[in-house]
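Trainee:
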Amino acid sequence: MSEPVSSAVSQPNVKVETGGEWQRLALISILYFTVRNISNAGQGLIYVVPALAVSFNIWDNLFSPEVLAVAGFLLLSTGGSGVISFLMYKFRVHNQHVEIHHGVFQRRYTNLPLWRIQNLKIERPFYYRPFGYALVVLDTAGSGKEEAKIVAVPESYAEALKKQVLYEKKAHDAPSPERTISYDDSEGRGMSGAEVPILASAEHRNDATEEVLNRRSVKDIIIHGITNNRVWIILGVAAPFYDDLFGIVSEWLADKGLQLNQLVGEQTVAWWQFGLYAFVLLMMLMALVALLSVGGALFTFYGYTLSRAEDRYIRRSGLLNKLEVSMRSSRIQMITAKQDWLDKILKRVNLYFEQNSTASQQVQELMSPNKLIVPSVTETEAIELSQEVMPGCDLKSQSYQVISKRFIQHWLLAVWSIPFLVFFAIGAISLHLDIVLGALVIYSVIGLLLTLRWWRWGISYDNKYVYIRSGRIGIDYQCFEPHKVQQVIVKQSVFMKRRNLATIKFVLASGAVTVPFLPEQYVFTLANNVLFEVESTRKSWM
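Numbering follows our numbering, with no gaps: position 537 of the sequence shown is 537.
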């Protein structure tokens with residue numbers, strides 16, 4: 001499963017400290033700021049396009065002078081804003097601190113001590129790679145968002161900064177006399193003329209040896225793209241263009257001698273022929289959707305490797321934009337193993353190592369610095385990786401305490417019974433049998449989904465880890481160490497108390513996990529055990 005590799009790179013010894021002088025970014029950063037501004041503007045246009053589509057036909061007016069003028073203005077403004085952002089950005093690494101001044105209308109100053117940096121992510125956008133530049137993202141403990149971003153520095157400097165951050169963090173956790181290194185004037189002197197730490201030389205720090213834990217082949221990534229389809233979001237955004245797209249397809253088929261309006265006529269073709277045509281078109285559409293999803297997976301996960309260097313896990317992947325995410329093992333709050341219905345058929349698992357997060361910021365799951373995802377591993381690999389991160393973790397072999405069947409009764413009677421009775425009564429009074437049957441079918445489907453939800457939902461505790469199982473058609477497993485729990489909340493409604501039931505909620509830095517309708521005695525025993533573990537061990541998880 002694993003093979004040792006060396007992370008050492010033969011490169012000149014690069015000094016991280018920039019001294020008291022503020023540094024400007026490379027000119028290539030203008031392109032980054034421009035792309036970022038265009039991306040932000042595009043995200044806003046996603047909400048505007050449907051509204052515009054209601055008022056007039058976008059396709060017919062796409063190349064009108066008004067639309068072209070607006071597009072030109074947007075391109076010029078975003079390009080100009082990229083130049084302004086470049087001019088307003090400066091940084092320095094001074095006295096073991098990263099300092100950044102940035103912002104146009106709202107000026108911001110960031111001061112980040114090197115020893116407080118918990119994660120360092122290096123990105124290599126495709127337009128940076130030919131010129132040897134990289135983007136460095138730094139974040140600290142207790143933050144669910146990116147704290148600092150050095151937009152464009154040489155790759156050698158990015159790697160040197162990464163090594164210095166790891167060294168400073170390790171030295172801060174275990175102080176030693178060698179931590180501060182003095183140098184003479186030939187190396188450059190800070191504004192104060194005092195001893196200034198620089199990149200530690202080989203005699204003070206050896207490069208960590210990385211061990212590759214997992215690689216994802218192209219076949220694995222294609223499977224991930226098929227089983228984890230996210231292209232429906234794109235299809236939803238493209239909804240205003242469906243009418244125009246349908247017209248284009250109809251014209252193309254007409255050129256090939258196939259008229260859709262003729263196919264619909266009952267006297268033109270037999271029903272089985274029409275059904276065959278519809279089936280073929282559906283298969284073509286599904287194949288197109290699958291290709292888009294596979295393309296997105298290859299774009300994100302191509303060349304995927306998961307490595308371990310001392311106490312850190314490092315993920316590297318990306319086809320055009322090379323992404324590197326580093327996470328300390330002690331900061332991993334929870335392991336999540338997800339299997340959709342297609343994953344279960346193919347016996348694949350999506351494995352997540354989660355750390356701190358925040359609900360106030362929506363970060364893309366795959367790009368988030370707070371998660372390490374190992375896509376579409378086999379079930380055996382999922383077990384091995386889980387036990388690598390949390391020794392002794394056994395997700396599937398646990399004896400889970402299933403929640404009470406009153407979970408089904410609660411949702412069917414307290415939540416869904418009133419809408420069902422309303423529509424059923426409307427159909428019965430108006431003598432519309434379709435409304436009555438529709439209400440019965442929908443209510444039955446909801447009851448089936450609730451039953452599946454009840455059947456999957458359970459919790460287990462083996463005196464070392466807490467395990468939670470959930471899902472409907474697919475199945476998800478979660479595992480976390482009790483000492484990393486920040487809060488334990490026990491809830492009981494009046495009706496639950498009568499039935500000796502309770503809901504337990506665990507709050508971790510990675511988020512909250514809730515399991516409802518458990519036996520009351522089991523909940524109180526589990527809460528006491530977890531809280532005792534938190535109080536007695538007092539282990540650090542940062």
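Using N, Cα and C, we set each Cβ at its ideal position, and we do this for glycine too.
Per the contact definition of three or more C-beta pairs closer than 8 Å, is the stretch 67-87 in contact with the stretch 22-41?
Mentor: Yes, they touch.
Trainee: Can you tell me whether threonine 209 is helix, strand or coil according to DSSP?
Mentor: Strand at threonine 209.
Trainee: Quick one: grab the DSSP three-state call for proline 125.
Mentor: Of the three classes helix, strand and coil, the one that applies to proline 125 here is coil, per DSSP.
Trainee: Thinking C-alpha only, which one of Lys15, Ile150 and Trp115 is nearest serine 29?
Mentor: Cα-wise, what sits closest to serine 29 is Ile150.
Trainee: Nearest to proline 130 by alpha carbon, out of Pro65, Tyr522, Asn321 and Ala158?
Mentor: Checking every option, the nearest Cα to that of proline 130 belongs to Asn321.
Trainee: Do the stretch 288-307 and the stretch 97-117 touch if we need at least three Cβ pairs shorter than 8 Å?
Mentor: As far as the Cβ criterion goes, the stretch 288-307 does not touch the stretch 97-117, which means the pair count is below three.
Trainee: Have a look at the DSSP bridge pairing and note the partners of glutamine 401.
Mentor: Paired residue(s): Ile459.
Trainee: Is the stretch 322-338 in contact with the stretch 467-485, if contact means three or more CB pairs nearer than 8 Å?
Mentor: Touching, yes.
Trainee: By how many angstroms is the C-alpha of phenylalanine 420 removed from the C-alpha of leucine 433?
Mentor: When rounded, the distance between both Cα atoms is 14 Å.
Trainee: Give me, in chain order, the residues of the same chain whose beta-carbon lies closer than 7 Å to that of phenylalanine 532; leave out the 5 immediate sequence neighbours on both sides.
Mentor: Same-chain partners within the cutoff: there are none.
Trainee: Given a threshold of 16 other Cβ atoms within 10 Å of its Cβ, counted over all protein chains shown, does glutamine 362 qualify as buried or as exposed?
Mentor: With a pLDDT of only 41 at glutamine 362, under the threshold of 50, the placement of this residue in the model should not be trusted; the figure read from the coordinates follows. Its Cβ having fewer than 16 others within 10 Å, glutamine 362 is exposed.
Trainee: I need the straight-line Cα distance from proline 197 to leucine 135, nearest angstrom please.
Mentor: Reliability fails at proline 197, whose pLDDT of 37 lies under 50, so the model's placement of it is uncertain and the value that follows must be treated cautiously. If you take the alpha carbons of proline 197 and leucine 135, they lie about 23 Å apart.
Trainee: Would you list the one or two residues that DSSP bridges to tyrosine 467?
Mentor: DSSP, once it has assigned bridges, lists Ser460 and Cys479 as partnering tyrosine 467.
Trainee: Determine the burial state of glycine 275: buried for a count of at least 16 other Cβ atoms within 10 Å of its Cβ, exposed for fewer.
Mentor: Flag for glycine 275 reads exposed.
Trainee: Would threonine 380 be called buried (16 or more neighbouring beta carbons within 10 Å of its own) or exposed?
Mentor: Threonine 380 should be labelled exposed.
Trainee: Going by C-alpha distance, which of Leu68, Arg215, Leu87 and Tyr461 is nearest valine 402?
Mentor: Ranking the options by Cα distance to valine 402, first place goes to Tyr461.
Trainee: Is the stretch 84-94 close to the stretch 281-300, with three or more CB pairs under 8 Å?
Mentor: The answer is no - the stretch 281-300 does not touch the stretch 84-94, with fewer than three Cβ pairs under 8 Å.
Trainee: Which residue from Gly438, Val441, Lys505 and Leu448 puts its Cα closest to that of valine 466?
Mentor: Selected option, being the one with the closest Cα: Lys505.
Trainee: Anyone know if the C-beta pair for leucine 372 and methionine 334 falls short of 7 Å?
Mentor: It is not a contact, given that the beta carbons lie outside the stated cut-off.
Trainee: By the 10 Å Cβ neighbour count, where 16 or more other Cβ atoms means buried, how is arginine 469 classified, buried or exposed?
Mentor: It is buried - the Cβ of arginine 469 has at least 16 other Cβ atoms within 10 Å.
Trainee: If you follow the alpha helix (DSSP H) that glutamine 409 is part of, which residue opens it and which one closes it?
Mentor: 406-409 is the extent of the alpha helix (DSSP H) around glutamine 409.
Trainee: What are the start and end residues of the alpha helix (DSSP H) that includes tyrosine 109?
Mentor: Premise fails: tyrosine 109 lies in the beta strand (DSSP E), 108-113, not in any alpha helix (DSSP H).
Trainee: May I ask you to report which of helix, strand or coil DSSP gives isoleucine 100?
Mentor: In this structure, isoleucine 100 counts as strand in the three-state DSSP scheme.
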